[in-house]
Amino acid sequence: MIRRLSFFTLVEILIVFLILSLVTAVVGINISKALEEQRFRTEVDIVLGELRLAQDLMLILKADVQVKFAQGTEGINYSIETESQTTKNWVNSLKRPHPKLKTIRGISFKDELDLPTVPGAIVIHFLSKGSVMSRGILRLSNSSDAVNVPSWAQVKVINLYGYPHPIVSTTPSKNDPIDLPQLDASADAGVTNFTRNEIRNLIPPGEDEEGEEE
219 MIRRLSFFTL
229 VEILIVFLIL
239 SLVTAVVGIN
249 ISKALEEQRF
259 RTEVDIVLGE
269 LRLAQDLMLI
279 LKADVQVKFA
289 QGTEGINYSI
299 ETESQTTKNW
309 VNSLKRPHPK
319 LKTIRGISFK
329 DELDLPTVPG
339 AIVIHFLSKG
349 SVMSRGILRL
359 SNSSDAVNVP
369 SWAQVKVINL
379 YGYPHPIVST
389 TPSKNDPIDL
399 PQLDASADAG
409 VTNFTRNEIR
419 NLIPPGEDEE
429 GEEE
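Every position in the sequence shown, counted from 1, becomes a number in the numbering used here once 218 is added.
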């Protein structure tokens, strides 16, 4: 019995290559999207770390601290600044070069308090041992506009309440208010005292007294 070998026609080969090209493109897009999302989450964690460090320096060392963000040529620059003498042991750490934020392309913050501003920069204040702090919603996005973001963009918000409070990021929804809701004074005091006690428990014996020296 003679068997005839079947051969792929040119059309069939082209169809196979087309399917392979489509699969490769879809996989490539998904990988690129996953990398973008991971880099965005990493940079959000960096911003959280800087804000938490600034709050800790204010509470532990009684220092006045500012966290600044400014648009650079290759990304967003950020830094922690303080002129307090109690942070002299932290100077090298605070002045170390910071990598630019490149996946976070848009930052928005409207401070509800009348605090000093810097032209072309966003400044978050941690002052007077926690009695004077920036209050508002810090918005971070991988879109250049962190407020009117397109549907594809990633967004995280960090609520800064104007008093010592755990600093976390959340994903906003369409129903979220533009401004922070007003809390009653007793709730503010309760959260502030809780935060102070939590941070005080982390301070090694003897360091708190050093930070309180004038």
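Each residue gets a CB set at the ideal place from its N, CA and C atoms; glycine is no exception.
Every value quoted in this text rests on a predicted model; they were computed, and no experiment measured them.
Our two residues, Asn393 and Ile233, have alpha carbons roughly 47 angstroms apart in a direct line. In its chain, beyond the 5 residues on either side, Asp282 have a beta carbon closer than 6 angstroms to the beta carbon of Leu345. Taking the C-beta atoms as reference points, Lys328 is found nearer than 9 angstroms to Gly354.
DSSP places Thr260 within a helical segment (H, G or I) once states are collapsed to three.
Beta-bridge analysis with DSSP links Lys286 to Ser297, Val341. Gly324 sits in a strand when the DSSP states are folded into three classes. Beyond the five residues adjoining it in sequence on each side, Ile385 comes within less than 8 angstroms, by CB distance, of Leu266, Leu269, Arg270, Gln273, Ile376, Leu378 in the same chain, given in chain order. Just so you know, the alpha carbons of Asn295 and Lys320 end up roughly 9 angstroms apart.
When beta bridges are read from the DSSP output, Gly380 appears opposite no residue. In the structure shown, Arg357 adopts extended strand secondary structure according to DSSP, grouped into three states. Pairing Ser352 with Ile325 gives a Cβ-Cβ distance that is not under 9 angstroms.
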